[in-house]
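Heads up: the structure comes next, in structure tokens.
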Amino acid sequence: MRVLILSNRRSGRGRAEGVCRAAIDALVRAGHDAAPMPPAESDPLASAPDAVVVAGGDGSVHHLLPALAESGIPVYHLPLGTANLFARQFGMTRSKGALVRALAAMRTTDIDLIEFNGRPAAVMLSLGPDASVVHRLARVRTGPIRLGSYVAPFVAELRDWSPGVVSVEADGRGVVERGAGVLVVANMRHYGGRFDPAPGADPGDGLLDVVFLPAPGAGAFVRLAALSRLGRHLCRPGVVHARAREVRIEAGATPAQADGEAVGHPGRIDVVVRPRALRVLLPG
Numbered sequence: 003m004r005v006l007i008l009s010n011r012r013s014g015r016g017r018a019e020g021v022c023r024a025a026i027d028a029l030v031r032a033g034h035d036a037a038p039m040p041p042a043e044s045d046p047l048a049s050a051p052d053a054v055v056v057a058g059g060d061g062s063v064h065h066l067l068p069a070l071a072e073s074g075i076p077v078y079h080l081p082l083g084t085a086n087l088f089a090r091q092f093g094m095t096r097s098k099g100a101l102v103r104a105l106a107a108m109r110t111t112d113i114d115l116i117e118f119n120g121r122p123a124a125v126m127l128s129l130g131p132d133a134s135v136v137h138r139l140a141r142v143r144t145g146p147i148r149l150g151s152y153v154a155p156f157v158a159e160l161r162d163w164s165p166g167v168v169s170v171e172a173d174g175r176g177v178v179e180r181g182a183g184v185l186v187v188a189n190m191r192h193y194g195g196r197f198d199p200a201p202g203a204d205p206g207d208g209l210l211d212v213v214f215l216p217a218p219g220a221g222a223f224v225r226l227a228a229l230s231r232l233g234r235h236l237c238r239p240g241v242v243h244a245r246a247r248e249v250r251i252e253a254g255a256t257p258a259q260a261d262g263e264a265v266g267h268p269g270r271i272d273v274v275v276r277p278r279a280l281r282v283l284l285p286g
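Take 3 as the starting number for the sequence shown in our numbering and just add one per residue.
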């Protein structure tokens, strides 16, 4: 079986290339034709491998989504990032043995993707202070990061609290009208820091989970974030939860992030679910 492995050298605190080499060695010993993905390929999957392994974080998976969705080639995530939400959703680990077993069994599942303004995302799209933290870190990042790298941007965000204002329609129905806080459009239930705003999100149900957490002040956000870790936030006053196939967002200059990657200040965002658009190789 031909397997391509993509390694993000900035992931895993700089250890991704070593993990990639070890994975290739394990796959070759198991009889597979395994090789690293050539850098700077305009069409990274042109060689039509049987499977793709991404050794990196959620951002590494995110940037490969257009090619993966178009090709239908199954993807496996070797988690080396700070959150690894994609891998967590499917129970994937760094274990080389689990990867070898996954390729031997070749069990796959097709999952939904989020599409926002024509761009795909696998885990979530969010707008507001959490996205602003991602933007702050992206501006100063020069190499590998760890969970602690988010502390200074998070503290700065609390100090300079300015949540922005969003209005949201879910399948044509207004659900948020000029609300200040955090908006999450989720495809999967996991979120960074075990702060899981949409615990019922399912990437196989053909729907997106829309959650709005009202947080005009930093204190309100901290309280709701704490409640979300306990799974008790959705019943709080002002919290909005809806499921929809299409979501329209008016957000002005509010920052946005997708799968942990800063995606600018889109203003108006048209979001749709792309059912069964990504094939995932399940752990063995």
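C-beta atoms are modelled at their ideal positions from N, C-alpha and C, and glycine is treated no differently.
Status (buried if at least 16 other CB within 10 Å, exposed otherwise) for residue i
{"i": "A246", "result": "buried"}
{"i": "G206", "result": "exposed"}
{"i": "E248", "result": "exposed"}
{"i": "V168", "result": "buried"}
{"i": "D198", "result": "buried"}
{"i": "G266", "result": "exposed"}
{"i": "L149", "result": "exposed"}
{"i": "A154", "result": "exposed"}
{"i": "V282", "result": "buried"}
{"i": "A158", "result": "exposed"}
{"i": "V273", "result": "buried"}
{"i": "P239", "result": "exposed"}
Residue from the options with nearest C-alpha to residue i
{"i": "V275", "options": "G208, A172, R90 and L129", "result": "G208"}
{"i": "L232", "options": "G195, G240 and P268", "result": "G195"}
{"i": "H192", "options": "G183, V184 and G202", "result": "G202"}
{"i": "A25", "options": "A244, R250, Y78 and T111", "result": "Y78"}
{"i": "V242", "options": "P216, A264 and S230", "result": "P216"}
{"i": "E171", "options": "G254, D35, L6 and A244", "result": "A244"}
{"i": "G183", "options": "P165, P199, M190 and D173", "result": "P165"}
{"i": "M39", "options": "A32, V30, D27 and S9", "result": "S9"}
{"i": "R250", "options": "T111, P76, C22 and D173", "result": "D173"}
{"i": "G181", "options": "P218, R143 and I147", "result": "P218"}
{"i": "D45", "options": "G33, A200 and H65", "result": "H65"}
{"i": "R234", "options": "A200, A264 and E263", "result": "A200"}
{"i": "P277", "options": "D114, S151 and S62", "result": "D114"}
{"i": "L280", "options": "L87, V54, P76 and Y152", "result": "P76"}
{"i": "R141", "options": "I7, A37 and A264", "result": "A264"}
Residues near residue i in its chain [Cβ-Cβ closer than 6 angstroms; skip 5 each side]
{"i": "W163", "result": "A220"}
{"i": "L127", "result": "I116, F118, V187 and A260"}
{"i": "A123", "result": "I116, A260 and D261"}
{"i": "L160", "result": "A220"}
{"i": "L6", "result": "M39, P51 and V54"}
{"i": "L29", "result": "V5 and A36"}
{"i": "F156", "result": "V135"}
Other residues of its chain near residue i: CB distance less than 7 angstroms, five sequence neighbours each side excluded
{"i": "A106", "result": "G286"}
{"i": "R4", "result": "D35, P51 and D52"}
{"i": "L284", "result": "F92, A104, R109, T110 and T111"}
{"i": "F88", "result": "D60, V63, H79, A124 and V125"}
Cβ-based neighbour list, residue i, same chain, cut-off 8 angstroms, excluding 5 preceding and 5 following
{"i": "G269", "result": "E252, A253, G254 and A255"}
{"i": "Q91", "result": "V125, M190, R191, H192 and P205"}
Practice item. Taking 8 angstroms as the threshold, find out whether the segment 218-226 comes into contact with the segment 91-102 through three or more Cβ pairs. Key: no
Practice item. Could you pull out every unbroken beta strand (DSSP E) segment of at least 3 residues lying fully inside the segment 185-264, listed in chain order? Key: 210-216, 242-246, 248-252 and 258-260
Check your understanding: At a cut of 8 angstroms, does the segment 172-189 reach the segment 60-70 through at least three beta carbon pairs?
Key -> no
Check your understanding: Just checking, does the segment 17-26 make contact with the segment 43-52 on the three C-beta pairs under 8 angstroms criterion?
Key -> no
Exercise for review: Please determine if the segment 196-215 and the segment 134-144 are in contact, where contact requires at least 3 C-beta pairs separated by less than 8 angstroms.
Suggested key: no
Check your understanding: Is the segment 127-134 touching the segment 252-259 in the sense that three or more CB pairs, one from each, lie closer than 8 angstroms?
Key -> yes
Exercise for review: Tell me, please, whether the segment 57-67 touches the segment 82-102 by the rule of three or more beta-carbon pairs shorter than 8 angstroms.
Suggested key: yes
Practice item. Scan the segment 35-109 and note each continuous beta strand (DSSP E) run of 3 residues or more that stays entirely inside, going in chain order. Key: 35-38, 53-58 and 77-81
**Study point:** 3-residue-minimum beta strand (DSSP E) runs that sit fully inside the segment 107-171, ordered along the chain
**Key:** 110-118, 121-123 and 126-129
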